[in-house]
Every structure is written in C-alpha cells, then in structure tokens.
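*Asks:* Right, I'll just put the structure down here and ask away after.
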Amino acid sequence: MVNIGIIGVGLVGSELINQLSTHINRNKASTFKVIALLNSTKQLLSNSHTPLDLSNWKNDLSTKGTKSDLTSFINYLSEAPTPSIVVDNTSSQEIADSYPLFIEKGLHIVTPNKKAFSGDLKLYKEIIEKSREKKRLIYHESTVGAGLPVLSTLTDLIRTGDKVIKIEGIFSGTLSYIFNEFSKFDGEKKNFSEIVKIAKENGYTEPDPRDDLNGLDVARKVVILGRLAGKDLSLKTLPVENVVPEPLRTLSSAADFMSSLPKFDEHFEKLNATANNNQQVLRYVGVIDPIGDKSEVKLVSLPSSHPFASLKGSDNIIAFTTQRFPNPLIIQGAGAGAAVTAFGIFSDLFKISDRIF
Numbered sequence: 001m002v003n004i005g006i007i008g009v010g011l012v013g014s015e016l017i018n019q020l021s022t023h024i025n026r027n028k029a030s031t032f033k034v035i036a037l038l039n040s041t042k043q044l045l046s047n048s049h050t051p052l053d054l055s056n057w058k059n060d061l062s063t064k065g066t067k068s069d070l071t072s073f074i075n076y077l078s079e080a081p082t083p084s085i086v087v088d089n090t091s092s093q094e095i096a097d098s099y100p101l102f103i104e105k106g107l108h109i110v111t112p113n114k115k116a117f118s119g120d121l122k123l124y125k126e127i128i129e130k131s132r133e134k135k136r137l138i139y140h141e142s143t144v145g146a147g148l149p150v151l152s153t154l155t156d157l158i159r160t161g162d163k164v165i166k167i168e169g170i171f172s173g174t175l176s177y178i179f180n181e182f183s184k185f186d187g188e189k190k191n192f193s194e195i196v197k198i199a200k201e202n203g204y205t206e207p208d209p210r211d212d213l214n215g216l217d218v219a220r221k222v223v224i225l226g227r228l229a230g231k232d233l234s235l236k237t238l239p240v241e242n243v244v245p246e247p248l249r250t251l252s253s254a255a256d257f258m259s260s261l262p263k264f265d266e267h268f269e270k271l272n273a274t275a276n277n278n279q280q281v282l283r284y285v286g287v288i289d290p291i292g293d294k295s296e297v298k299l300v301s302l303p304s305s306h307p308f309a310s311l312k313g314s315d316n317i318i319a320f321t322t323q324r325f326p327n328p329l330i331i332q333g334a335g336a337g338a339a340v341t342a343f344g345i346f347s348d349l350f351k352i353s354d355r356i357f
C-alpha cells in the first residue's frame, strides 16, 4: 500500500480527496490509502497508519483534528511501514523550502506548488540532487498546464534524445480568456476593462487581476519548463512584460485598479487595432529557448495562420518545436480548474505507485 499525506485541503485538495475516495471505493484492490491531512490550522492523523474515513473527512478534520504541526505530520508519514507520498497542494514557499527535509525523511513528493521549481535555483538543484541521492521520486506535472501532459511530454522528448529547439505557449487560462475575447477577427468587440471585469466576476482571475496581468504566474511556468530543458532560468533575469498600465501598478487595492482600468481602454484598443490592421491578434505568450538566450514572456501579435490565434475560451496551448517535430507538437486543453489540477496530481500518484511496486 502507498500512504498519502495531503497538505492543503482547499479547492484542489478537496477535489483530489473526492477523486481518491471515488477510486478507492470502486477499486477494492487500490494501492492508495490516505492517512494524514493538514491545513493551515489543523491536522488529522489516522490511527497506526490505517486509512482515514474519507466519507466524513471535513467534519473529522474540524472536530477531531489537532493543531497543525508540519514536523509531526511528516514524521508520521515517514514512520509508516510502507512507502509514503506527501502531496503539497499549497502555494507556500515555507513548505516548498521543506522539500529537501521531506526527501531526507524518505518521502516521495507530488505537488502543483510552483515555488520550489521556479524560485531559488539553489533550492531547486538541492531538491533534484537529494531526490537522486535518496532515490525518491518527485512529480509536479500540475505546476504547468494543470492536468495537461506538458512536463511529461518534455521529459519524454529529452529522455529519448530529441533536440528541443523552442517551446512556446499560452500558459495562463486567465490571460488566454482575456485576450481571446478582446483580440479576435470577428464577433462582438468589448472594451478591455469590460472583459477583465467579466473574467473577475466569473472567478477566472486572482482577487486582484493585476496578479494575472503582471505575467509572474506565466514566468514561473516558463522557468519550470526552461530548467527541465536544461537552462538555468531565473525569475530575476527572465524578461517579463507586465501589461498592467504603469500608473495602475501602485494603486492600493483591487477595487481602485478595476475602477481606474477603463481610462486605459484606448491604450489597449490601439494595440489591438495595430494587430488587426495587419490581420493579426494579440496573445500573451511565454517562450522557452533551450538553445540560446531568448526565453521571455510578452504580449505578441500573431497571424491568423498561427495555432494560438484561433484559441477559444480559457484553454492553454503549448507548442514544442524539436528536431523530430519541426511542425510543432501541440498540446491544448483546460489549463486551470480544481478538477483538472486534481486529475494531474492523481495521475502523478499513479506514476509513483507504478514505479515503486
């Protein structure tokens, strides 16, 4: 049996537990058992590494849980008689910093947390080196593209000896939706601020949309892919275009930003008109250049013939140009949302289970 300890039981964590519970109930021979849950205030550890009752986990965590203590949580997992996987569903830097300790304790790791793989290069290399030294597995497919097979595809291309020439993609579901709606060849045209407002109301954006429009989330994904492709990319040096108009970057609240954004509709309309006059559309793209030094994140104009130009909704799309695939290998689909992110995490759990048994 594979023991699972889950850190973070919010939207994604809850959905993962639901998917695990359904799988375990349908498959009596399942190798998975969830033995520990932890959130920011409480933790729930099973009795002597037996499975937790997932049918009532929220109530049990609330009523039977003890004060959160990451050290005792990790120790409990590491003391299990069979292999354990810790699933980090948070975006916590503190927990990411603890990955070397998790590995030292003999734990495998699955996570959608981008911090460890896009932040400090020293931490990233320590995690990779320690996992090899201790023969522990780390899977983080959901850090890029949620449930889309982006990292696994890149890994397979590299492992089989293909030469990766360029990776480019629309890596943000939020920015995909905003620019797909704003910049198109036909259909109803809306002001930029109106589209951002709709995106925010539909829950596509962060509470403060500037956290999407500044490009940092896309930059993290570009760094993750770049490092996997062998480039020591860093957030500190990667060129990233912040599409938030400069006067709005320092406003104190999201409400102030939203009320001021309509003043800049003309600015965005000029950008769009220039693109449309050349039969092009605007798309916010991340580029990984494994051969040279042209990795970047920016707003670009693309012709109608480009696969990114016809993208709809909030889909992600990633194109791998390689020696074997001079016409790019393209992956497209939902790149955000609890269900697909949990699917990506669950798939990684299976990958580890398959490798250790």
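Under UniProt numbering, the first residue of the sequence shown carries the number 1, and numbering increases by one thereafter.
Ideal placement from N, C-alpha and C gives every residue a C-beta, glycine not left out.
1) Curious, which full-length alpha helix (DSSP H) runs of at least 4 residues does the segment 38-78 contain?
2) Less than 6 Å between C-beta atoms, sequence neighbours within five positions excluded: which residues of the same chain meet that for residue 179?
3) Evaluate contact between the segment 89-100 and the segment 52-61, counting only Cβ atoms and requiring at least three cross-stretch pairs below 8 Å.
4) Write down every uninterrupted run of the beta strand (DSSP E) in the segment 157-195 whose length is 3 residues or greater and which is fully enclosed by it, in chain order.
5) Measuring CB atoms only, is the segment 324-341 touching the segment 128-136, in the sense that at least three cross pairs come out at less than 8 Å?
6) Using 8 Å as the threshold, is the segment 165-173 in touch with the segment 216-226, meaning 3 or more CB pairs across them?
7) Once you ignore the five residues that flank residue 264 on each side, which residues in its own chain have a CB closer than 6 Å to its CB?
8) If you drop the 5 nearest sequence neighbours on each side, which residues of the same chain put their C-beta closer than 7 Å to that of residue 66?
9) What does DSSP give as the partner residues of residue 297 in its beta bridges?
10) In whole angstroms, give me the CA-to-CA distance for residue 2 and residue 33.
11) Name the two residues that bound the continuous alpha helix (DSSP H) containing residue 344.
12) Where does the unbroken beta strand (DSSP E) through residue 18 begin, and where does it stop?
13) Checking the sheet assignment: what are the DSSP bridge partners for residue 84?
14) If you pair each beta-carbon of the segment 302-310 with each one of the segment 143-163, do three or more pairs fall below 8 Å?
15) Quick check on the DSSP output: the alpha helix (DSSP H) that includes residue 267 runs from which residue to which?
16) Taking all protein chains shown into account, do 16 or more other C-beta atoms lie within 10 angstroms of the C-beta of residue 289, making it buried, or fewer, making it exposed?
17) Does residue 317 get closer than 7 Å to chain C when you measure Cβ to Cβ?
18) Determine the closest residue to residue 211 out of 258, 184, 182, with distance taken between C-alpha atoms.
*Replies:* Short version:
1) Within the segment 38-78, the complete alpha helix (DSSP H) segments at least 4 residues long are 57-64, 70-78, listed from N- to C-terminus.
2) Excluding residues within five positions, the ones whose Cβ falls inside 6 Å are 282, 283, 284.
3) Too few Cβ pairs lie closer than 8 Å, so no.
4) For the segment 157-195, the full-length beta strand (DSSP E) segments reaching 3 residues or more read 164-170 along the chain.
5) In short, these stretches do not touch, since the Cβ pair count stays below three.
6) Taking one beta carbon from each stretch, the segment 165-173 and the segment 216-226 have 3 or more pairs nearer than 8 Å; the two touch.
7) So the list reads 245, once near-sequence residues are dropped.
8) Hits under 7 Å: 42, 43.
9) According to DSSP, residue 297 shares a beta bridge with 240, 286.
10) So the two alpha carbons sit approximately 6 Å from each other.
11) Its alpha helix (DSSP H) spans residues 338-356.
12) Looking at the DSSP string, residue 18 is not in any beta strand (DSSP E); the run it does join, the alpha helix (DSSP H), is 11-26.
13) As a beta-bridge residue in DSSP terms, residue 84 pairs with 3.
14) Flag = no, the segment 302-310 and the segment 143-163 do not touch.
15) DSSP places residue 267 in the uninterrupted alpha helix (DSSP H) bounded by 265-277.
16) Buried: at least 16 other Cβ atoms inside 10 Å.
17) No chain C is part of this structure, which consists of one protein chain only.
18) That would be 258, whose Cα lies nearest to the Cα of residue 211.
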